[in-house]
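Single-structure report; data block below.
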Amino acid sequence: MHPHTTTADSRRWLGLAVLTLPVLLTSMDISILHMAIPAITEDLAPSSGEMLWILDVYGFLLAGLLILMGGIGDRMGRRRLLLIGAAAFGAASVLAAFATTPELLILGRALMGVGGATLMPSTLSLIRNMFDDPAERTRAIAVWTVALAGGVALGPIIGGVLLQFFAWGSVFLVNVPMILVLLAVAPLVIPEYRHGSPEPMDLLSVALSFAAILPVVWAVKSAAEALAITLPSIAAAAIGVLAAVVFLLRQRRLTSPLVDVSLFRNRRFSGAVVAGLLAMFSLAGLTMFLSQHLQLVLGFTPLTSALWLLPITAAITLGAAATSVLASRVGPGPIFGVGAALAAAGMIVISLSPAEDGLAQLVIGAFLAAGGISPITTLATDVVVASVSPERSGAASALAETANELGAAVGIAILGSLGALVYRSGVQDGLPAELPPEAVSVVESGLGAAVGVIDRLPAEVGQPLLELARRAFVDGMSASTATAAAVLGVLAVVVSGLLRGQPPTGAAHAGDAQPTTEEEGREAER
Numbered sequence: 002m003h004p005h006t007t008t009a010d011s012r013r014w015l016g017l018a019v020l021t022l023p024v025l026l027t028s029m030d031i032s033i034l035h036m037a038i039p040a041i042t043e044d045l046a047p048s049s050g051e052m053l054w055i056l057d058v059y060g061f062l063l064a065g066l067l068i069l070m071g072g073i074g075d076r077m078g079r080r081r082l083l084l085i086g087a088a089a090f091g092a093a094s095v096l097a098a099f100a101t102t103p104e105l106l107i108l109g110r111a112l113m114g115v116g117g118a119t120l121m122p123s124t125l126s127l128i129r130n131m132f133d134d135p136a137e138r139t140r141a142i143a144v145w146t147v148a149l150a151g152g153v154a155l156g157p158i159i160g161g162v163l164l165q166f167f168a169w170g171s172v173f174l175v176n177v178p179m180i181l182v183l184l185a186v187a188p189l190v191i192p193e194y195r196h197g198s199p200e201p202m203d204l205l206s207v208a209l210s211f212a213a214i215l216p217v218v219w220a221v222k223s224a225a226e227a228l229a230i231t232l233p234s235i236a237a238a239a240i241g242v243l244a245a246v247v248f249l250l251r252q253r254r255l256t257s258p259l260v261d262v263s264l265f266r267n268r269r270f271s272g273a274v275v276a277g278l279l280a281m282f283s284l285a286g287l288t289m290f291l292s293q294h295l296q297l298v299l300g301f302t303p304l305t306s307a308l309w310l311l312p313i314t315a316a317i318t319l320g321a322a323a324t325s326v327l328a329s330r331v332g333p334g335p336i337f338g339v340g341a342a343l344a345a346a347g348m349i350v351i352s353l354s355p356a357e358d359g360l361a362q363l364v365i366g367a368f369l370a371a372g373g374i375s376p377i378t379t380l381a382t383d384v385v386v387a388s389v390s391p392e393r394s395g396a397a398s399a400l401a402e403t404a405n406e407l408g409a410a411v412g413i414a415i416l417g418s419l420g421a422l423v424y425r426s427g428v429q430d431g432l433p434a435e436l437p438p439e440a441v442s443v444v445e446s447g448l449g450a451a452v453g454v455i456d457r458l459p460a461e462v463g464q465p466l467l468e469l470a471r472r473a474f475v476d477g478m479s480a481s482t483a484t485a486a487a488v489l490g491v492l493a494v495v496v497s498g499l500l501r502g503q504p505p506t507g508a509a510h511a512g513d514a515q516p517t518t519e520e521e522g523r524e525a526e527r
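All residue numbers for the sequence shown refer to our numbering, where the first residue is 2 and numbers rise by one.
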């Protein structure tokens with residue numbers, strides 16, 4: 002082998018290692034906050050609505066801006082956008098770490114979402130350009146996916162270790178050293194890529210993309226906060242859907258669209274996007290409940306809770322490694338179908354866990370769920386990225402990441418709201434009459450807040466109330482994981498059907514080779 006080739010290969014894989022840093026950080030920050038909920042509740046005393054915004058605003062802004070940032074990266078340079086976004090993400094992390102009010106923490110999390118949105122499409126499109134060989138690209142994207150899905154699972158673990166020794170702000174400050182490493186090393190090992198002759202960005206499309214996403218985000222958050230579907234939330238959702246329809250119609254008429262709608266005519270592409278969205282929907286909702294269950298129901302310290310979450314990370318790593326081997330031999334349909342079925346079985350095991358002595362059942366169910374979701378996210382990303390030419394990889398990467406991050410954010414919002422609804426219903430039925438009126442709303446807002454109030458009550462009142470709140474939380478978790486199991490069941494049937502008969506990943510994709518005849522072109526589109 003020529004020495005120059007060996008050096009280029011080493012630099013490319015070192016570049017991949019550097020690119021996993023922002024992926025790990027942005028996905029980890031979706032879930033790392035879950036471990037800090039009890040400490041934040043005690044320190045800042047946020048309302049239930051403010052806590053929902055603290056948890057979700059990061060993921061929603063991250064998902065809402067990904068398509069726009071993917072288009073900007075294609076035009077201004079993907080490495081350049083990556084470095085700008087990394088600096089912004091680090092600064093926002095510092096702001097969140099030292100927040101003294103719930104409003105300031107919400108602002109910090111929102112700015113982190115904006116910075117994170119510049120990182121995700123940049124990393125995936127750079128990988129698409131750095132790895133031309135389909136087999137190498139599959140392995141590279143498997144590493145990227147371990148960082149993405151593993152970050153969601155690793156967040157509570159890292160958070161638990163930090164909170165054992167430091168204040169809750171440490172879950173954000175941990176980002177800063179890795180951001181500094183990225184800023185120092187990325188210019189040395191990652192080449193710059195941009196579209197050769199980019200068209201001007203269509204500003205109306207940008208406005209429509211915001212009009213499609215933000216009202217729907219507000220509608221979901223409003224309904225979650227009120228635990229009811231209100232007329233304003235319905236109206237906002239309708240506005241968002243209408244704007245989305247206009248946005249899609251406009252994209253079909255543009256020569257250089259913000260979103261290449263024609264990609265969705267490809268069953269392989271559409272199935273992969275849907276699979277990534279639903280898989281991350283289920284995984285993010287699961288990690289949110291597990292971290293709280295271990296601390297607030299079973300009474301473990303943050304560090305012990307983090308150790309019991311390690312099997313999730315192991316399952317994700319094993320699933321991604323197995324997928325990189327199977328993908329070259331088996332089509333994506335069977336892999337998605339079996340993975341979703343395995344994950345659904347794990348969710349059902351968790352939904353049946355008792356409030357007491359359910360640790361083994363929780364760990365086994367979480368291992369099965371994560372092990373089933375990992376192959377889906379790994380292969381879905383590979384299929385999406387390989388479906389386009391290198392010049393359009395930034396936009397396609399943004400689509401893949403929008404699906405993944407939106408799935409995670411919506412999973413936290415919907416499954417979290419369902420769990421909160423069941424919890425509130427459970428505690429309302431058994432609140433003791435001697436409970437002070439000012440404590441009632443706090444107990445009803447969530448188990449984390451309830452524990453803080455119960456610790457200050459007499460034992461004869463506090464202990465039965467704590468058992469009631471814990472049972473109500475477990476009932477809420479059961480309802481949410483059962484819902485996730487149903488979603489995964491639909492995924493197993495629908496997506497495996499969409500991808501029925503599709504070739505293994507090692508075969509050429511739309512982005513790797515162009516059809517040579519009109520008949521081959523029609524077949525590729527089908």
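Quick reminder that beta carbons are idealized off the backbone N, C-alpha and C, glycines included. What you are looking at is a predicted structure, and each value in this text was computed from that prediction instead of being measured.
Rounded separation between residue i and residue j - CA only
| i | j | result |
| --- | --- | --- |
| A220 | A18 | 39 Å |
| G86 | L96 | 15 Å |
| D456 | G286 | 28 Å |
| P157 | A89 | 23 Å |
| L184 | S126 | 18 Å |
| V422 | D44 | Reading off the sequence, residue 422 comes out as Leu, not Val. Taking the straight line from one Cα to the other gives about 24 Å. |
| F368 | L297 | 21 Å |
| L205 | A480 | 41 Å |
| P335 | V494 | 10 Å |
| M121 | V364 | 30 Å |
| G74 | T231 | 38 Å |
| S329 | A136 | 8 Å |
| E435 | A486 | 39 Å |
| E461 | A111 | 42 Å |
| Y424 | V190 | 50 Å |
| R254 | L62 | 27 Å |
| L243 | L108 | 28 Å |
| T318 | T146 | 9 Å |
| A238 | L310 | 36 Å |
| I68 | L264 | 14 Å |
| M541 | A409 | Because residue 541 is not part of the residues shown, which for the chain are 2 to 527, the question remains open. |
| L448 | V496 | 36 Å |
| V262 | R79 | 22 Å |
| L304 | L458 | 27 Å |
| L432 | F474 | 14 Å |
Local Cβ density within 10 Å of residue i, reported as buried at 16 or more and exposed below that
| i | result |
| --- | --- |
| S28 | buried |
| F282 | buried |
| R1 | Given that the chain is displayed from residue 2 to residue 527, the structure contains no residue 1 and the question cannot be resolved. |
| F167 | exposed |
| V172 | buried |
| V182 | exposed |
| L489 | buried |
| D57 | buried |
| R471 | buried |
| L250 | exposed |
| F99 | exposed |
| Q464 | exposed |
| L419 | buried |
Unbroken alpha helix (DSSP H) run spanning residue i, endpoints
| i | result |
| --- | --- |
| S271 | R268 to Q293 |
| R457 | Here R457 belongs to no alpha helix (DSSP H), and DSSP marks it neither H nor E. |
| D383 | L360 to V386 |
| L83 | R79 to A98 |
| P233 | L232 to R254 |
| V298 | Neither: V298 is in no alpha helix (DSSP H) and is coded neither H nor E. |
| I191 | Unbroken run through I191: none, as it is neither H nor E. |
| S325 | L311 to L327 |
| P355 | Counting along the chain, P355 falls outside any alpha helix (DSSP H), and DSSP gives it neither H nor E. |
Pair within 8 Å by beta-carbon distance, residue i and residue j
| i | j | result |
| --- | --- | --- |
| G320 | A404 | no |
| G340 | I377 | yes |
| A245 | A213 | yes |
| A440 | V454 | yes |
| G347 | G359 | no |
| P333 | L380 | yes |
| L174 | S94 | yes |
| S352 | A483 | yes |
| R268 | L492 | no |
| T101 | P23 | no |
| G412 | D476 | no |
| A148 | T21 | yes |
*At 4 residues or longer, and completely inside the stretch 145 to 174: list those alpha helix (DSSP H) runs for me, N to C.*
171 to 174
*Scan the stretch 17 to 74 and note each continuous alpha helix (DSSP H) run of 4 residues or more that stays entirely inside, going in chain order.*
34 to 45
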